Amino acid sequence: MSRVVPIHPMDDFKERSRVALNDPGQRKNFRGAMDFLQAKRRGQFPDLEELESLRELGASIRRYSLSRLPQLLEQLEANLTAKGVQVHWAQSAEEANAIALGIARRVQARTIVKGKSMVSEEIGFNHAMEAAGIEAFESDMGEYIVQLAGEAPSHIIMPAIHKTKHEIATLFAKEVPGVAYTEDVDGLIQIGRRVLRRKFADADIGLSGVNFAVAETGTLCLVENEGNGRMCTTVPRVHIAITGIEKVVEKLEHVPPLLSLLTRSATGQSVTTYVNFISGPRKADELDGPDEVHLILLDNGRTQAYADLQLRATLQCIRCGACMNHCPVYARIGGHAYGTTYPGPIGAIISPHLLGLESTYPLAFASTLCGACSEVCPVKIPIPDLLVRLRNEAMARPDGDDATLRGSGTARSVIDTTIWSVWSQVYGRLGLYRLASWFMSRGRALSPTEQGAWTRSRTPLIPAAKRLRDLLKERKP
Ligand code: SF4
């Protein structure tokens, strides 16, 4: 079952945003959900000093890990290989899918059951498997709902956050055989659970994401709330884990602070229901676990971000979604309007590396630069600075030294460039600035004498304000 809308082109970003803004139902859903998630997060961090020191620690761990990324990846590969995990490197989405497909064909797989993995969304995994005649089935409840609806996730942590109870109930009644309409939440969960149980038992391969990969011990760490991640990684005979190359940390002791930041920032939980540490296939004396474990390490543009010392901060991300939950733009247009796998502020800064600036530069401009995202980011990514940098990249001279990204200069326009370069000349010289001000003030006569709609709309308030002032004067003792 493939997504109907895997990745949208960006040229209709504005149109999608307009449609979203004109959908009061969706706006209400998102507003309610964002308020709820913000309150949950606030409840987890009552002590602001503790929050700040934890954020500082998390940011340091991520910066340190990235500073040693090449060595850590080699160490991770060596330690995982020693434990029997087969490590694969994929430069692109196509390569990652080809590797997974190669494994699936070798073990003659017909069904793959998936835990939640945004990287698998990023590479269009389901679509690639379906094209090869292999069913890829989502087992995370939110992902299951959007797969059933033929949609893409609208949030990186809560894929079906845009759907109401009524919409889910209607969807289940329509798409799941033998199911009657119910809006009872427990009933809906039981329906999903019944369907998914069968899928776990039948699947040949389980696919999962990775939250952190520990280089020193060769351990894959995976957090989740539904137990489906554990089922995917232990029941089928083959487990494929897929992750971006940036998720590596050096030591096991680096994981707890990041886990604490991740779960508290993402869902307002002190810890998730399941925390899985995977360190290899089933051993001879073990009852559970797969015969084979594979790890696919994906680049897909991450090395472009890594090569730039400022943009490298993008890779600190631990995918908590807090920046989205606090973004005034995301809260109004929702995830689908962005048209990329990762929406919201994190999507605006990571997508240009994955897809190129040509198709994604409007996202960097879809921000008020209010700074709410960086204030809540648990690993202190300076998101507004990165957005400004990406805007500059989009406007850079394509052949100049300042053009460092794929698609740099895409948004460059001769008119804009001329206006701003004249403005910078004028603004940089006092004499010119004074002269320009003098000329501009002469143009005052050209301004309309008729009141505009805005001024007219304000005029009736003025008598009311006067009355209020007089009233206060009268009442003055
Ligand atoms: S950028 Fe920061 S807040 Fe946003 S998802 Fe990544 S870690 Fe979370």
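Under the numbering used here, the first residue of the sequence shown carries the number 1, and numbering increases by one thereafter.
Quick reminder that beta carbons are idealized off the backbone N, C-alpha and C, glycines included.
Remember, predicted model here, so these are calculated numbers, not experimental data.
DSSP state of residue i mapped onto helix, strand, coil
i       : result
Gln-310 : coil
Thr-243 : strand
Ile-205 : strand
Val-379 : coil
Ile-123 : coil
Pro-9   : Annotation note: pLDDT 46 at Pro-9 (below 50); position unreliable, coordinate value reported separately. In the structure shown, Pro-9 sits in coil (DSSP, three-state: anything other than H, G, I, E or B).
Met-137 : Reading the sequence as shown, one finds Phe at residue 137 and not Met. Strand.
Gln-108 : coil
Val-271 : coil
Pro-46  : coil
Val-83  : With the sequence shown as reference, residue 83 is identified as Lys, and Val is not the correct amino acid for it. Correct three-state label for Lys-83: coil.
Lys-473 : helix
Gly-409 : coil
Asn-22  : coil
Met-1   : In this prediction, Met-1 scores a pLDDT of 42, lower than 50, which makes its location untrustworthy; no coordinate-derived value is stated.
Ser-359 : helix
Ile-318 : coil
Ala-98  : helix
Gly-229 : helix
Arg-385 : Residue 385 is actually Asp in this sequence, not Arg. Three-state DSSP puts Asp-385 in a helix.
Cys-373 : helix
Leu-53  : Checking the displayed sequence, the identity of residue 53 turns out to be Ser instead of Leu. The answer is helix: DSSP assigns Ser-53 an H, G or I state.
Ser-447 : coil
Lys-283 : coil
Thr-368 : coil
Arg-68  : coil
Ala-396 : coil
Thr-404 : coil
Ala-132 : coil
Nearest-angstrom Cβ-Cβ length linking residue i and residue j, presumed shorter than 8 Å
i       : j       : result
Ile-346 : Ser-17  : Their Cβ separation, rounded to whole angstroms, is 18 Å, which puts Ile-346 and Ser-17 out of contact at 8 Å.
Cys-327 : Cys-373 : 6 Å
Ala-104 : Ala-96  : Not a contact, Cβ separation roughly 13 Å.
Ile-242 : Leu-207 : 7 Å
Met-395 : Arg-412 : 5 Å
Thr-234 : Gly-187 : Not confirmed; about 28 Å, so no contact.
Cys-232 : Val-255 : At roughly 20 Å, the Cβ-Cβ gap does not stay under 8 Å, so Cys-232 and Val-255 are not in contact.
Glu-143 : Lys-116 : 6 Å
Ala-322 : Ala-266 : 7 Å
Ile-134 : Arg-110 : 6 Å
Ser-154 : Gly-339 : Incorrect: roughly 11 Å between the Cβ atoms, too far for contact.
Ala-337 : Phe-13  : 7 Å
Val-185 : Lys-165 : 7 Å
Residues sharing a beta bridge with residue i, DSSP
i       : result
Phe-277 : Cys-221
Trp-89  : Leu-297
Ala-213 : Leu-220, Val-248
Lys-114 : Glu-138, Leu-207
Glu-292 : Val-238
Residue range of the unbroken beta strand (DSSP E) whose run includes residue i
i       : result
Ala-180 : Here Ala-180 belongs to no beta strand (DSSP E), and DSSP marks it neither H nor E.
7 Å Cβ cutoff met for residue i and residue j
i       : j       : result
Val-293 : Val-87  : no
Leu-295 : Pro-378 : no
His-353 : Ala-305 : yes
Ala-213 : Lys-247 : yes
Leu-258 : Ile-350 : no
Met-34  : Asn-325 : yes
Leu-481 : Gly-218 : Residue 481 falls outside the range modelled here, since the chain spans only 1 to 477, and no answer is possible.
Gln-44  : Arg-197 : no
Gly-244 : Arg-194 : no
Ile-168 : Ile-189 : no
Ala-203 : Pro-236 : yes
Ala-152 : Leu-171 : no
Ile-205 : Ile-112 : yes
Boundaries (first-last residue) of the alpha helix (DSSP H) holding residue i
i       : result
Lys-172 : Per the sequence shown, residue 172 should be read as Phe rather than Lys. Phe-172 -> alpha helix (DSSP H) spans 165-175.
Val-414 : 414-427
Ile-145 : 141-148
Ile-156 : It is not in any alpha helix (DSSP H) - Ile-156 carries neither H nor E in the DSSP assignment.
Cys-323 : 322-325
His-162 : Here His-162 belongs to no alpha helix (DSSP H), and DSSP marks it neither H nor E.
Gly-334 : It is not in any alpha helix (DSSP H) - Gly-334 carries neither H nor E in the DSSP assignment.
Ile-349 : 344-355
Thr-487 : With the chain covering 1 to 477 only, the question about residue 487 has no answer from this structure.
Leu-259 : 255-266
Ala-437 : Before going on, a small fix: residue 437 reads as Ser here, not Ala. Segment 430-442, the alpha helix (DSSP H) holding Ser-437.
Residue i: CB within 6 Å of a non-hydrogen atom of the ligand MG
i       : result
Ile-145 : Here the bound small molecules are the ligand SF4; the ligand MG is not part of this structure.
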